[in-house]
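*Asks:* Take this structure first; my questions come after.
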Amino acid sequence: MKLLVLTGAGISAESGIPTFRGAQGLWKSFKPEELATPEAFRKNPALVWEWYLWRRSVIAKAQPNEGHLKLVELEKRFGDNFLLITQNVDGLHQKAGSKRLVELHGNIWKVRCLHCRAEYYDYTTEAKDLPLRCMYCGGLIRPGVVWFGESLPEKALELAYKWAYECELFVSIGTSGVVYPAAELPFIAKRHGAKVIEINPEETPISSVADVIIREPASSGINRLTEML
Ligand code: OAD
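The opening position of the sequence shown corresponds to residue 252 in the numbering used here, with each subsequent residue numbered one higher.
Here you go:
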């Protein structure tokens with residue numbers, strides 16, 4: 252059986268990383284249009300970097316939780332019939348050991364030079380001199396994440412659609428299901444005959460197509476899922 256798992260910020264909540272939406276969400280205290288768009292970066296790259304370095308410092312202290320680890324076990328069990336697609340940029344799935352992983356929105360530890368186009372991992376969490384500069388050419392670098400208004404990495408998106416068409420079971424974990432195109436994946440899977448399971452303490456648009464709803468935090472929800480499979 253082909254199993255496709257989609258995760259969002261909710262799976263990292265138990266690792267102490269704030270989600271975007273909801274009462275404690277980042278978008279309650281920060282404005283996405285000032286921090287997470289190409290326009291914001293053009294206007295004030297230092298401010299955007301300051302925000303990303305703060306998020307990096309929160310993420311650097313976090314460890315993968317039981318939910319991340321259980322997904323690694325599922326990957327081992329299902330082998331080639333498993334794919335994990337995450338909207339998260341925190342890298343915790345990799346840190347937990349996930350290998351069959353697609354990062355749909357990029358990775359906060361990656362950077363891209365706007366001048367020489369170099370792409371590399373950068374682990375800076377504090378810097379006096381902002382914005383950060385390219386280690387090769389000194390040009391302006393940007394975080395390797397997808398911002399509002401930008402397209403998703405083409406290969407990653409292609410793979411996500413292919414698996415949404417082909418999977419027999421689609422599991423959505425800890426996503427509000429409002430950011431497209433990721434939010435469309437459970438609907439595509441459902442239309443193509445997959446069973447859909449949602450793990451989320453709250454109702455979301457995905458709940459409307461879910462065959463099974465596990466209204467629990469990610470870690471206990473994934474435990475329950477594992478028992479069901
Ligand atoms: P959101 O912050 O929109 O949604 C988080 C979801 O996690 C909500 O539905 C919560 O109910 C749920 N949740 C909270 N705690 C949980 C827990 N312990 N276990 C399971 N679920 C829990 O995050 P995303 O859906 O990931 O985009 O947001 C999608 C995109 O919007 C992000 O990737 C980011 C953001 O703007 C980019 O960075 C491009």
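We put the CB at the ideal spot given by N, CA and C, even for glycine. Since we're looking at a predicted model, the values are computed, not measured.
Could you compute how far the alpha carbon of T477 sits from the alpha carbon of E419?
*Replies:* Here the question's residue 477 lines up with position 226 in the sequence shown. Here the question's residue 419 lines up with position 168 in the sequence shown. Roughly 16 Å between the two C-alpha positions.
*Asks:* What are the boundary residues of the alpha helix (DSSP H) that includes T477?
*Replies:* For the purposes of this step, residue 477 is taken as the residue at position 226 of the sequence shown. Its alpha helix (DSSP H) spans residues A469 to M479.
*Asks:* If I measure Cβ to Cβ from I473 and keep anything under 6 Å in the same chain, skipping five residues before and after, which residues do I get?
*Replies:* To locate residue 473, count along the sequence shown from 1; it is residue 222. Around I473: G318 and K321.
*Asks:* Taking 7 Å as the cut-off, decide whether the C-beta atoms of G400 and T258 are in contact.
*Replies:* For the purposes of this step, residue 400 is identified with residue 149 of the sequence shown, where counting begins at 1. For the purposes of this step, residue 258 is identified with residue 7 of the sequence shown, where counting begins at 1. Cβ distance not < 7 Å, so G400 and T258 don't count as in contact.
*Asks:* Any idea if C367 is buried or exposed, counting beta-carbon neighbours within 10 angstroms, 16 or more meaning buried?
*Replies:* Numbered from 1 along the sequence shown, position 116 holds the residue referred to as residue 367. Per the 10 Å Cβ criterion, exposed.
*Asks:* Here's a check: name, in chain order, each residue in its chain whose Cβ is nearer than 6 Å to the Cβ of I465, leaving out the five neighbours to either side.
*Replies:* Position 214 of the sequence shown, counted from the start, is the residue given in the question as residue 465. Answer for I465: I450, G472 and R475, listed in chain order.
*Asks:* Within 10 angstroms of the Cβ of Q314, are there 16 or more other Cβ atoms? Answer buried if so, exposed if not.
*Replies:* Indexing the sequence shown from 1 puts residue 314 at position 63. Flag for Q314 reads exposed.
*Asks:* Taking DSSP as the reference, what is the three-state secondary structure of I450?
*Replies:* Numbered from its first residue, the sequence shown carries residue 450 at position 199. It is a strand residue.
*Asks:* So, do the region 321 to 334 and the region 432 to 444 have three or more beta carbon pairs nearer to each other than 8 Å?
*Replies:* No, they do not touch.
*Asks:* How many whole angstroms separate the CB atoms of I448 and V463, which I take to be in contact at a CB cut-off of 8 Å?
*Replies:* Locating residue 448 in the sequence shown gives position 197, where the first residue counts as 1. Locating residue 463 in the sequence shown gives position 212, where the first residue counts as 1. The Cβ separation is near 5 Å, so the contact holds.
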